[in-house]
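Structure record follows, encoded as structure tokens.
Residue numbers (the working numbering): 808 to 922.
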């Protein structure tokens with residue numbers, strides 16, 4: 808599978824046993840699906856799949872390095888408009904997503920997002 812990604816693995820954990828589960832889940836996504844990934848890691852696979860699937864993703868990770876690499880990979884794959892990246896504790900992330908937005912306010916205006 809060809810994809811573009813950038814990654815330095817220092818400070819980021821990888822569990823190779825989850826690779827097949829990730830592929831299985833991505834295969835179920837379709838055009839217009841909204842995906843909430845609470846533990847995104849850096850996800851070099853996600854932006855590539857989004858380009859093909861047309862999904863919208865709310866991606867979160869507590870590790871700021873993971874979010875930084877996610878954003879780099881999103882930029883490389885030109886899917887910035889489909890991925891909303893957050894650097895929060897998973898419980899806080901779910902709480903933010905489940906809070907009804909104030910009219911005219913985007914989710915990104917309410918929560919801190921790492922750069």
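Cβ coordinates follow ideal geometry from the N, Cα and C atoms, glycine included. Bear in mind that the values here come from a model prediction, so they are computed numbers and not experimental data.
In terms of DSSP beta bridges, what is residue i paired with?
i	result
residue 892	866
Does DSSP put residue i in a helix, in a strand, or in coil?
i	result
residue 844	strand
residue 900	helix
residue 907	coil
residue 885	coil
residue 838	coil
residue 809	Its pLDDT being 44, under 50, residue 809 is placed unreliably in this model, and the value from its coordinates should be taken loosely. The answer is coil: DSSP assigns residue 809 none of H, G, I, E or B.
Which whole-angstrom value is the C-beta distance of residue i and residue j, which I expect to be below 8 Å?
i	j	result
residue 856	residue 833	5 Å
residue 886	residue 867	17 Å between Cβ atoms; not a contact.
residue 865	residue 829	Contact flag wrong, Cβ pair sits at about 17 Å.
residue 889	residue 863	5 Å
residue 894	residue 858	No, residue 894 and residue 858 are not in contact; Cβ-Cβ is about 23 Å, not under 8 Å.
Is the stretch 871-889 close to the stretch 898-911, with three or more CB pairs under 8 Å? Contact fails between the stretch 871-889 and the stretch 898-911, because fewer than three Cβ pairs, one in each stretch, are under 8 Å apart.
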